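Peer 1:
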Amino acid sequence: MFLSTIRVCRILLCAAALMQGIAVAAPIQRDDDQLITRRSKAGFAKGIWLRIMPLGASITYGLTSGDGNGYREFLRDKIVDYGNPVNMVGSRRNGTMEDNDVEGWPGYIISQVQTKANTAVPKYKPNVVLINVGTNDCSGNVDLANAGKRMSALLDDVYKGSPRATIILSTLLVRWDEDKQECVEDLNSQFKTVAAAQRANGRRLVLVDMQPPAGPTTDELVDGTHPTEAGYAKMANIWFAGIKEADSAGFLLTKEAIAGNPNGVPDRGVYG
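Numbering (mature numbering (1 follows the signal peptide of the UniProt record, and there is no 0)), first residue to last: -25 to -1, 1 to 247.
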C-alpha cells in the first residue's frame, strides 16, 4: 500500500524537525473526539423512540418530590441527552415537567397496579416499562408469601398488553422501620427469583437493585418510605443503567404503532 503524498510530506517534515531538535506536537484528534462524542450520544438501540411507562404506586407517582416529578424528569433528561426521543406515557399526570404522564397510583398494592396496567398498557403500548411496586404490600402486610406470584402475574399481563415491551423491574427501596425493611428484603428476594424465571423463559427483562448504596439510603428518605430529591436522582441513575443493560442484551424494540397516533408526541405524551 502506497502512502499518500501529503502523508509522506508530513513524515519528512516531522523527521526534519526532530533532527533540528524542534518539538513536534502530537496530532490533533479533534475529529476523532467529535466522532466519539457523536457515538456516545447515538442513543440506545441506535436512537429508537422510547415510549416509557413508569408503572407503580406513590414512588412512581413522585410523592414527596418537591416538583412532583420524582425520578422521571431526571431520567428523561438523561435519556434524551444520550440520544433517544422519549415519550413518557400513562393515564395520569403529575409534576411540573411537560412530559409528565405516569401510571403511578399512591397506596396501591401489586394486584391493584396490575388492574390499572391491564387498561393502560394495551392503550399506550410502551416499549419500555419501569416497574417499582410492592412497598404498600409490606406496609399493609398483604399476602406477602405470594408477592412473587402476584408480581409474576403483573409481568405476564404487561407483556400481553404490549408484546414489544422491555421491562425494567426494580427491587423495593430501603425503609426506616426494621420490620418493614425485613419485609422489603423478603419481597426483593422473591422478585429476584421471578426475574430469573422470566429471563429463563426468554422474556426481555432486567432487574435493577434500588437498595443502598446505589439506591436511596435511609438518610435519603423523607418519611421513612419515599425518597428525597437526591434519592429520586439516584433512582433515575439506576433506571438508566437498567435500560443500558437491556440495550446491551438486544432487548429494546421499536415501539408499536397506536391507531390514530402512530408516532406519539415526544414532549407531551400520546394522548395529551
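Note that beta-carbon positions come from the ideal geometry of N, C-alpha and C, so glycine has one too. This one's a predicted model, so the numbers in the text were calculated from it and none came from an experiment.
Measure the alpha-carbon distance for Ile218 versus Tyr207 and round it to whole angstroms.
Peer 2: Indexing the sequence shown from 1 puts residue 218 at position 243. Indexing the sequence shown from 1 puts residue 207 at position 232. C-alpha separation (whole angstroms): 17 Å.
Peer 1: Quick check on Ser164: buried or exposed, where buried means 16 or more other Cβ atoms within 10 Å of its Cβ?
Peer 2: Within the sequence shown, numbered from 1, the residue matching residue 164 stands at position 189. When all chains shown are included, Ser164 counts as exposed.
Peer 1: With a 10 Å radius around its C-beta and 16 neighbouring C-beta atoms as the bar for buried, classify Leu227 as buried or exposed.
Peer 2: As a working note, residue 227 is residue 252 in the sequence shown. Under this definition Leu227 is a buried residue.
Peer 1: Could you check the C-alpha separation between Gly31 and Thr146 for me, to the nearest Å?
Peer 2: Within the sequence shown, residue 31 is the residue found at index 56, counting from 1. Within the sequence shown, residue 146 is the residue found at index 171, counting from 1. Going from the Cα of Gly31 to the Cα of Thr146 covers about 12 Å.
Peer 1: Answer yes or no: do Leu50 and Ala211 have a C-beta to C-beta separation smaller than 8 Å?
Peer 2: If you number the sequence shown from 1, residue 50 lands on position 75. If you number the sequence shown from 1, residue 211 lands on position 236. Yes, the pair counts as a contact, with Cβ atoms nearer than the cut-off.
Peer 1: Report the three-state DSSP secondary structure of Leu180 (helix, strand or coil).
Peer 2: Translated into the one-based positions of the sequence shown, residue 180 becomes position 205. Looking at Leu180 - three-state DSSP - the assignment turns out to be strand.
Peer 1: Below 8 Å on the Cβ atoms is my guess for Val169 versus Ser127; work out the distance and round it to an integer in Å.
Peer 2: Your numbering for residue 169 matches position 194 in the sequence shown. Your numbering for residue 127 matches position 152 in the sequence shown. That belief holds up - the Cβ atoms of Val169 and Ser127 are roughly 5 Å apart, short of 8 Å.
Peer 1: Measuring alpha carbon to alpha carbon, tell me which residue in Val149, Gly115, Thr141 is nearest Arg178.
Peer 2: As a position in the sequence shown, residue 178 is number 203, starting the count at 1. Taking only the C-alpha atoms, the option nearest Arg178 is Thr141.
Peer 1: Please classify Asn116: does DSSP put it in a helix, a strand, or coil?
Peer 2: Working through the sequence shown from its first residue, we reach residue 116 at position 141. The answer is coil: DSSP assigns Asn116 none of H, G, I, E or B.
Peer 1: Along the chain, where does the beta strand (DSSP E) that runs through Arg26 open and close?
Peer 2: Position 51 of the sequence shown, counted from the first residue, corresponds to residue 26. Unbroken beta strand (DSSP E) run through Arg26: 25 to 31.
Peer 1: Pop quiz: Arg26 and Lys100 are said to be a contact at Cβ under 8 Å. What is the actual Cβ separation, rounded to whole angstroms?
Peer 2: Start at 1 with the first residue of the sequence shown, and residue 26 comes out as number 51. Start at 1 with the first residue of the sequence shown, and residue 100 comes out as number 125. Confirmed, about 7 Å.
Peer 1: Expressed to the nearest angstrom, what Euclidean distance is found between the alpha-carbon atoms of Gly43 and Met72?
Peer 2: Translated into positions along the sequence shown, residue 43 becomes position 68. Translated into positions along the sequence shown, residue 72 becomes position 97. For Gly43 and Met72, the distance between alpha carbons rounds to 8 Å.
Peer 1: Can you tell which of Trp24, Tyr83, Asp132 has the C-alpha that lies nearest to the C-alpha of Asn116?
Peer 2: For the purposes of this step, residue 116 is identified with residue 141 of the sequence shown, where counting begins at 1. Among Trp24, Tyr83, Asp132, the Cα nearest to that of Asn116 is on Tyr83.
Peer 1: On a Cα-Cα basis, can you pick out the residue from Leu182, Glu153, Pro81 that is closest to Ala224?
Peer 2: Here residue 224 refers to the residue found at position 249 of the sequence shown. Of Leu182, Glu153, Pro81, the residue nearest in Cα terms is Leu182.
Peer 1: Do Gln186 and Val133 have their C-beta atoms within less than 8 Å of each other?
Peer 2: Taking the first residue of the sequence shown as position 1, residue 186 is located at position 211. Taking the first residue of the sequence shown as position 1, residue 133 is located at position 158. Their beta carbons are not under 8 Å apart, which means Gln186 does not touch Val133 by this criterion.
Peer 1: Is the beta carbon of Pro29 sitting closer than 8 Å to the one on Gly109?
Peer 2: Residue mapping note: residue 29 aligns to position 54 of the sequence shown, counting from 1. Residue mapping note: residue 109 aligns to position 134 of the sequence shown, counting from 1. Contact: no.
Peer 1: Is there at least one Cβ from chain D nearer than 8 Å to Gly43's Cβ?
Peer 2: Given the protein chain composition of this structure (a single chain), no chain D is represented.
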